[in-house]
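Protein chains in written order, with the working numbering: chain A, 14 to 436; chain B, 368 to 557. Report on the following structure.
In structure tokens form, the structure reads like this:
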């Protein structure tokens with residue numbers, strides 16, 4: 014029994030060490046690595062494919078006008094740009110506001126979905142939008158996002174490389190000063206995008222399509238059958254399908270878009286629960302095919318596996334803590350003390366990309382932001398909540414599997430459209 | 368709201384910098400010297416320091432040399448003795464080493480003055496020393512009030528996580544000072 018406990022504890026410690034080293038390397042890469050993949054800004058001047066921007070919107074009256082106004086200001090040539098708003102059975106003024114923009118601007122198209130057809134979640138709405146999109150490149154933005162003026166040029170430029178199947182831009186929190194929760198989300202974004210995604214792109218690993226502020230080559234998207242409506246993390250699912258089809262995803266740090274982050278713990282809980290369940294679904298769906306895929310190199314497989322497992326890590330950290338305590342009191346052995354210091358390092362990390370606090374600090378350094386790093390000690394709050402979120406997500410998945418219920422309810426994040434000045 | 372892309376500090380192609388390897392070498396040397404110095408004297412210092420400043424006068428202390436670590440014997444109210452080995456973890460030296468590793472290998476290679484980095488490294492060491500005193504005192508206080516078994520349990524469960532209660536804030540404060548100084552020097556250049 015004791016030997017089994019020791020082995021289990023050592024295994025958990027080894028897993029944590031792997032993540033610790035991984036994120037330390039990512040931090041160094043984001044700071045110093047100069048041999049990353051090339052950027053395609055210059056090609057953007059001569060390569061201008063047609064682009065459809067999908068904006069799924071369900072009861073987004075507070076924010077839809079803002080993003081559509083912004084869409085009219087985008088610098089991409091309007092004869093090559095098409096905005097497709099999917100009014101997903103909204104019961105508020107979303108459809109009417111979008112229609113008004115559509116009347117004024119030819120390149121804005123609105124698809125209205127009835128109560129019968131719509132309201133089945135974002136992936137379903139995106140698939141509907143895809144049917145009406147006619148361009149070579151399909152980008153998607155959430156309704157609460159606020160893109161840079163030249164973001165389409167920056168994202169589309171990367172598709173000049175025929176191996177690129179998808180791109181992902183950088184997400185920055187717009188309403189950061191609103192509440193403590195939005196400030197913590199901002200920290201997660203800094204570590205997750207400025208360091209984690211960038212390093213994975215530089216090292217030719219698995220940069221991830223994050224569901225918004227990014228897009229796909231339309232032909233590839235159709236080949237893959239679009240978004241999977243049964244997946245709660247349809248973005249992660251599609252990311253892995255893209256890689257396994259032999260294409261790659263590029264992270265475009267210079268393409269920045271602002272998001273309205275959740276502002277209270279309840280909304281944070283609901284959003285993270287959906288992400289955790291979705292990610293775990295993806296793990297069960299893709300882990301084996303990822304490891305056996307002929308289209309990926311070994312390092313991509315390793316990174317992909319670590320990425321797919323990321324929502325299990327908070328559970329493993331809690332488990333290692335529990336196991337260490339049991340060993341210490343019931344089967345004491347000298348070396349436990351030395352590994353005991355490892356789990357707390359992970360307690361100060363963000364979830365989603367599992368950026369440790371020093372990685373978030375490096376992101377803040379690279380962005381030249383002073384005060385944001387003062388909040389890093391508070392990452393412990395979101396971590397503790399995320400341990401509970403991940404445990405619940407795992408239980409929910411097992412329970413739904415036992416009772417044979419495969420569909421999951423898409424819990425939409427509410428946006429209030431507040432206007433904030435960024436930092 | 369920022370509307371323009373080009374002038375934003377977070378935008379543009381990701382910039383890279385050269386690691387300050389000489390700073391890292393200096394940092395390793397200073398950190399190693401600090402830990403050597405502390406490991407020689409800190410445990411003995413705690414044993415000498417604690418009985419004089421410990422808030423609970425009812426506790427008396429004897430100190431004898433343990434096999435591997437210094438041993439502090441706290442005499443409890445009922446007359447029984449509580450053996451407290453001053454281990455690396457318990458004295459705070461362990462957390463000082465972790466802070467040093469994180470600071471030397473992540474903050475020292477960054478742009479910025481070496482003096483400032485050394486200053487924050489030593490601030491971390493000083494806070495770590497104080498933390499060692501607080502941690503050891505708390506352990507004895509809990510043992511005094513609730514018994515040695517409960518105290519050991521609390522210390523084992525909460526000890527490492529509470530070490531990071533000072534490591535993370537001091538690390539991030541040091542880093543934010545570096546960011547601030549770098550930003551100011553960039554602004555001056557402009």
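Beta carbons are placed, not taken as given, at the ideal position from N, Cα and C, and that holds for glycine. This one's a predicted model, so the numbers in the text were calculated from it and none came from an experiment.
The beta carbons of residue 530 of chain B and residue 462 of chain B sit closer together than 7 Å.
Under the three-state reduction of DSSP, residue 125 of chain A is assigned to strand. In the structure shown, residue 463 of chain B adopts helical secondary structure according to DSSP, grouped into three states.
Looking from the CA of residue 489 of chain B, the closest CA among B:398, B:388, B:552 belongs to B:398. At the C-beta level, residue 45 of chain A and residue 478 of chain B stay beyond 7 Å of one another. Chain-ordered, the chain A residues with CB closer than 7 Å to the CB of residue 461 of chain B read 354. Using a Cβ-Cβ cut-off of 8 Å, residue 47 of chain A is close to 383 of chain B, given in chain order. Relative to the Cα of residue 405 of chain A, the nearest Cα in the group A:396, A:290, A:196 belongs to A:290.
Here DSSP, grouped into helix, strand and coil, assigns residue 227 of chain A to strand. Minimum Cα-Cα distance from residue 64 of chain A among the listed residues A:96, A:115, A:247 corresponds to A:96. Within the same chain, Cβ atoms closer than 7 Å to the Cβ of residue 331 of chain A are found at 400, the five residues on either side in sequence being excluded.
For a Cβ distance threshold of 9 Å, residue set 536, 539, 540, 543 of chain B lies close to residue 387 of chain A, ordered along the chain. For residue 498 of chain B, the number of other beta carbons within 10 angstroms of its own is at least 16, and it is reported as buried. Across the region 191 to 219 of chain A, CB contacts with chain B closer than 8 Å involve 207, 211, in sequence order along the chain. Between residue 228 of chain A and residue 165 of chain A, the C-beta gap is not smaller than 7 Å, which leaves the two residues out of contact.
Under the three-state reduction of DSSP output, residue 310 of chain A falls in the coil class, being neither helix nor strand.
Here the alpha carbon of residue 370 of chain A sits roughly 22 Å from the alpha carbon of residue 271 of chain A. Under the 10 Å beta carbon count, residue 380 of chain A is surrounded by 16 or more other beta carbons and is classified as buried.
Within 10 angstroms of the beta-carbon of residue 407 of chain B lie fewer than 16 other beta-carbons, which makes it exposed. Using beta-carbon distances, residue 550 of chain B counts as an interface residue toward chain A, with a partner under 7 Å.
The residue among B:457, B:482, B:401, B:471 with its C-alpha nearest the C-alpha of residue 528 of chain B is B:457. DSSP lists A:66, A:228 as the bridge partner or partners of residue 152 of chain A. Taking the C-beta atoms as reference points, residue 77 of chain A is found nearer than 7 Å to residue 107 of chain A. If the five residues before and after residue 143 of chain A are omitted, its C-beta is found closer than 6 Å to the C-beta atoms of 239, all from its own chain and listed in chain order. By the 16-neighbour rule on beta-carbons within 10 angstroms, residue 88 of chain A is exposed. If you look at residue 91 of chain A, you'll find it isn't in any alpha helix (DSSP H); DSSP assigns it neither H nor E.
The alpha helix (DSSP H) runs of length 4 or more contained entirely in the region 302 to 390 of chain A are, from start to end of the chain, 311 to 321, 326 to 343, 349 to 352, 355 to 360, 370 to 380.
Contacts with chain B (Cβ-Cβ distance below 9 Å) from the region 27 to 40 of chain A involve 37, 40, listed in chain order.
With respect to chain A, the C-beta atom of residue 473 of chain B has a partner C-beta closer than 7 Å. Residues of chain A whose Cβ lies closer than 9 Å to the Cβ of residue 530 of chain B are, in chain order, 354, 357.
Burial check for residue 178 of chain A: the Cβ neighbour count within 10 Å reaches 16 or more, so the residue is buried.
Assigned with DSSP and collapsed to three states, residue 261 of chain A falls in strand. Residues of chain B with a Cβ closer than 9 Å to the Cβ of residue 377 of chain A are, in chain order, 539, 542, 543, 546. Boundaries of the beta strand (DSSP E) harbouring residue 178 of chain A: 177 to 186, taken from the DSSP string. Near chain B, meaning a CB-to-CB distance below 9 Å, the residues of the region 390 to 405 of chain A are 390, 392, 393. Assignment of residue 386 of chain B by DSSP, reduced to helix, strand and coil, places it in the coil class.
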